[in-house]
Amino acid sequence: MALARKSSPHTHGPRSTQWLMQQVLIATVPGLIVLTSFFGIGTLLNILIASVTAIGCEAAVLKLRKRPLGFYLSDYSALVTAVLLGIALPPLVPWWLTVTGTAFAIIIAKHLYGGMGYNPFNPAMIGYVVLLISFPLQMSAWLAPGGLLVDGTPAMGPDFMSSLKIVFLGNPIDGFTAATPLDAFKHNSGLLVSQFYEQTPQFSQGQWAGFGWEWVNIAFLFGGVYLLARKVFTWHGPVGMLAGLSVMALFNYDGGSSTSNGSILFHLLSGATMFGAFFIVTDPVTSATSNRGRLIYGAMIGIIMFLIRSWGNYPEALAFAVLLMNFAAPFIDYYTPPRTYGHSKSGTIIHRSKED
Amino acid sequence: MSDVAYGEISRNGLWNNNPALVQLLGLCPLLAVSGSVVNALGLGLATLAVLVGSNIAVSLIRHQVGDAIRTPAFVMIIATFTTCTEMLMKAYTYELYQILGIFIPLIVTNCAILGRAEAFASKQPLLPAAFDGLMMGLGFGAVLLVLGAIREIIGSGTLFANMDLLFGPVASTWGFELFGEGYGFLVMILPPGAFLVTGLLIALKNVIDSHQQARLAKTKATPVKGSKRVRTTGAIQ
Chain F
1 MALARKSSPH THGPRSTQWL MQQVLIATVP GLIVLTSFFG IGTLLNILIA SVTAIGCEAA
61 VLKLRKRPLG FYLSDYSALV TAVLLGIALP PLVPWWLTVT GTAFAIIIAK HLYGGMGYNP
121 FNPAMIGYVV LLISFPLQMS AWLAPGGLLV DGTPAMGPDF MSSLKIVFLG NPIDGFTAAT
181 PLDAFKHNSG LLVSQFYEQT PQFSQGQWAG FGWEWVNIAF LFGGVYLLAR KVFTWHGPVG
241 MLAGLSVMAL FNYDGGSSTS NGSILFHLLS GATMFGAFFI VTDPVTSATS NRGRLIYGAM
301 IGIIMFLIRS WGNYPEALAF AVLLMNFAAP FIDYYTPPRT YGHSKSGTII HRSKED
Chain G
1001 MSDVAYGEIS RNGLWNNNPA LVQLLGLCPL LAVSGSVVNA LGLGLATLAV LVGSNIAVSL
1061 IRHQVGDAIR TPAFVMIIAT FTTCTEMLMK AYTYELYQIL GIFIPLIVTN CAILGRAEAF
1121 ASKQPLLPAA FDGLMMGLGF GAVLLVLGAI REIIGSGTLF ANMDLLFGPV ASTWGFELFG
1181 EGYGFLVMIL PPGAFLVTGL LIALKNVIDS HQQARLAKTK ATPVKGSKRV RTTGAIQ
């Protein structure tokens, strides 16, 4: 009798990369809706431009590398990179900026390192950082959230036609911008936090942590919880990051003096915190691989984020923190291998081989 | 001595064994100051001068200096030439000297130079050693120049800007702007750009090499085989 011989793995999950990526795309929807309602169609335009560029670049590189086009294009990974980058970029940045960042992310950060599954750094974050250090002027201009009252008049975003003109013709955006809560908070000098909150419209009109931004973060949290419920990733990365950030904020809050670094709630609901925790930190390729490793990886991202937010030159630091920890992910993996089946305890790879 | 292969030496220095693209030596100055053509050219010329000088000197003393103390002796020689070059630059191209700053004295630590002294000049007579220094220096300088040009074009949108720092007021009009006022892609001027462009240049060299090899293999006639029959018995000649 001839027995079919099969090697491991013997159990196969029904999930494909395609399914995972679709889930991620679906989960960005609540965040996108809130972003669009506060900041206008800028983010959607970013995503549109980024997606077209990403698919074009992906196809071109795959062609050059003589890889099957249909197989790799239909896994949606390029699209996810484009969507994440489009969300991270300020709304209504000029189109060539989005194109440059996306091309950089797909061609250099992803495919030069071997393509899907081989990239050591998160492509979307690479694209973002390249743009941030190359074009600081355009990258630091955020629109004022619609409905924010400044000196009694509500901030209005540009309408549809003028949005298109800003993105594609390079019309000036200056009339519509305002400091983000993180940016405003960074430049607080000499006021108690409670006074500062009262005097700054971004905070006085918000519920907890800055008008508009708190809802953006809650929406991304909502999307993240959906992904968690669908078991797209485990809780370790996001919880690690949020815990790292919270602990740092707790120890540095000092009750709201003029040199305070912001409360826990402020840090959790500002900038890219939730977006980062659930959509960037959880990238399976560039993060640590074991559960314990992911906890450490996430916590370190939260800590670095807080350090740069509080004492660095940039108001927000998700991209830098993630890239720094991408560097460290193999190192974390080295010291946190899970227990091997049949062995009593886990240790580093070196220790285990000595035991044997 | 007449059988010294000068062609081989120049091919090695400029292409096959290029210090920057193949040996990957002296990357620190290569990456740090190649933000514009004028910086690259300045450092390239300085390195070339030191390399030729040190190769000549090392070759001249190769019979007098014992093995045990050769490395300190070589470093001493290289440091001397570097100091001379530095003083010359300070005298004649003061502004460029200020821009290049620490990287001129750092030529001492450029492994390419010590490497050539150790691997070539200390075993060869004067002329080949000098020629090797020249070719290695040119190879290094050429890569530096290409790197500087690419980074200057993409990074700041200019080419040959500020050449008057090196060639005097005559050259002040050599630079031109390619993409208009206000262009700038800062990441290419910063260190990441240097790494990226160097990597791409190395890739380009490898592509050219493999193409050449493929062409060579094609043009080389396949040797005509004799009898196709396999001999199974008797003595094989």
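The listed protein sequences derive, respectively, from chains F and G. Going left to right, the first sequence walks through residues 1 to 356 as my numbering numbers them. Going left to right, the second sequence walks through residues 1001 to 1237 as my numbering numbers them. For each residue, glycine too, the CB sits at the ideal point set by N, CA and C.
Quick check on DSSP: helix, strand or coil for residue i?
i: F/Glu316; result: coil
i: G/Glu1152; result: helix
i: G/Pro1128; result: helix
i: F/Thr153; result: strand
i: G/Glu1086; result: helix
i: G/Glu1177; result: strand
i: F/Trp96; result: helix
i: F/Thr340; result: coil
i: F/Thr28; result: coil
i: F/Leu148; result: coil
i: F/Pro14; result: coil
i: F/Asn119; result: coil
i: G/Leu1147; result: helix
i: F/Thr177; result: strand
i: G/Thr1158; result: strand
i: F/Leu69; result: helix
Closest to residue i by CA distance: which of the options is it?
i: F/Thr81; options: F/Gly70, F/Leu92, F/Thr98; result: F/Thr98
i: G/Ala1194; options: G/Phe1167, G/Leu1147, G/Leu1048; result: G/Leu1147
i: G/Thr1069; options: G/Pro1105, G/Glu1118, G/Glu1086; result: Per the sequence presented here, residue 1069 of chain G reads as Ile, with Thr not at that position. Ranking G/Pro1105, G/Glu1118, G/Glu1086 by Cα distance to G/Ile1069 puts G/Glu1118 first.
i: G/Thr1109; options: G/Leu1134, G/Val1050, G/Asn1162, G/Ser1156; result: G/Val1050
i: F/Leu143; options: F/Ala103, F/Phe135, F/Phe176; result: F/Phe176
i: G/Tyr1006; options: G/Leu1127, G/Arg1116, G/Thr1082; result: G/Leu1127
i: G/Ser1059; options: G/Leu1025, G/Pro1125, G/Thr1173; result: G/Pro1125
i: F/Gly256; options: F/Leu192, F/Gly31, F/Gln22, F/Val150; result: F/Leu192
i: F/Gly170; options: F/Tyr314, F/Leu92, F/Met274; result: F/Leu92
i: F/Ser290; options: F/Val281, F/Phe121, F/Asp333; result: F/Asp333
i: F/Met248; options: F/Leu268, F/Ser258, F/Gly237; result: F/Leu268
i: F/Ala109; options: F/Thr286, F/Phe306, F/His343; result: F/Thr286
i: F/Ser134; options: G/Ser1156, G/Met1135, G/Ala1149; result: G/Ser1156
i: F/Lys186; options: F/Ile301, F/Lys6, F/Ser8, F/Asn313; result: F/Asn313
i: G/Tyr1092; options: G/Leu1165, G/Gly1175, G/Trp1174; result: G/Leu1165
i: G/Leu1200; options: G/Phe1179, G/Met1163, G/Ile1150; result: G/Ile1150
i: F/Ile308; options: F/Val281, F/Ala328, F/Leu245; result: F/Leu245
Have a look at residue i and residue j and give me their C-alpha separation to the nearest angstrom.
i: F/Asn261; j: G/Ile1153; result: 42 angstroms
i: F/Cys57; j: F/Ile107; result: 7 angstroms
i: G/Asn1017; j: G/Glu1086; result: 27 angstroms
i: F/Gly86; j: G/Pro1105; result: 46 angstroms
i: G/Gly1137; j: G/Gly1026; result: 11 angstroms
i: F/Leu250; j: F/Ile264; result: 6 angstroms
i: G/Ser1010; j: G/Ala1121; result: 14 angstroms
i: F/Glu355; j: G/Pro1029; result: With a pLDDT of only 47 at F/Glu355, under 50, the local geometry of the prediction cannot be trusted, and the value read off the model is given with reservation. Distance between the alpha carbons of F/Glu355 and G/Pro1029 is about 46 angstroms.
i: G/Thr1198; j: F/Phe320; result: 23 angstroms
i: F/Asp254; j: F/Ser194; result: 13 angstroms
i: F/Tyr341; j: F/Thr53; result: 45 angstroms
i: G/Ile1202; j: G/Gln1064; result: 39 angstroms
i: G/Glu1095; j: G/Gly1035; result: 16 angstroms
i: G/Phe1160; j: G/Gly1141; result: 16 angstroms
i: F/Ala243; j: F/Asn217; result: 16 angstroms
i: G/Ala1214; j: G/Val1207; result: 11 angstroms
i: F/Phe275; j: F/Pro68; result: 32 angstroms
i: G/Leu1186; j: F/Thr11; result: 49 angstroms
i: G/Phe1179; j: G/Thr1158; result: 8 angstroms
Just to confirm, is the Cβ distance from residue i to residue j under 8 angstroms?
i: G/Asp1145; j: G/Val1037; result: First, the residue type needs correcting, since residue 1145 of chain G is Leu and not Asp in the sequence shown. Closer than 8 angstroms, so yes.
i: G/Leu1114; j: G/Val1075; result: yes
i: F/Phe331; j: F/Thr28; result: no
i: F/Leu79; j: F/Ile55; result: yes
i: F/Thr102; j: F/Ala50; result: yes
i: F/Ala141; j: F/Ile173; result: yes
i: F/Gly190; j: F/Gln202; result: no
i: F/Asn46; j: F/Leu3; result: no
i: F/Leu324; j: F/Ile296; result: no
i: G/Gly1139; j: G/Asn1055; result: no
i: F/Trp215; j: F/Val34; result: yes
i: G/Ala1046; j: G/Ile1102; result: no
i: F/Leu149; j: F/Ser270; result: no
i: F/Ile41; j: F/Ser163; result: yes
i: F/Asn119; j: F/Tyr113; result: yes
i: G/Leu1100; j: G/Asn1039; result: yes
i: F/Met241; j: F/Ala299; result: yes
i: F/Val272; j: F/Leu221; result: Before going on, a small fix: residue 272 of chain F reads as Ala here, not Val. In this structure, F/Leu221 does not lie closer than 8 angstroms to F/Ala272 by Cβ.
Of all the alpha helix (DSSP H) runs that stay within the bounds of the segment 1009 to 1054 of chain G, which reach a length of 4 or more residues?
-> Segments of the alpha helix (DSSP H) lying fully in the segment 1009 to 1054 of chain G: 1027 to 1032.
What runs of the alpha helix (DSSP H), each 4 residues or longer, lie entirely inside the segment 215 to 302 of chain F?
-> Look at the segment 215 to 302 of chain F and you find these whole runs of alpha helix (DSSP H), each 4 residues long or longer: 236 to 252, 264 to 268.
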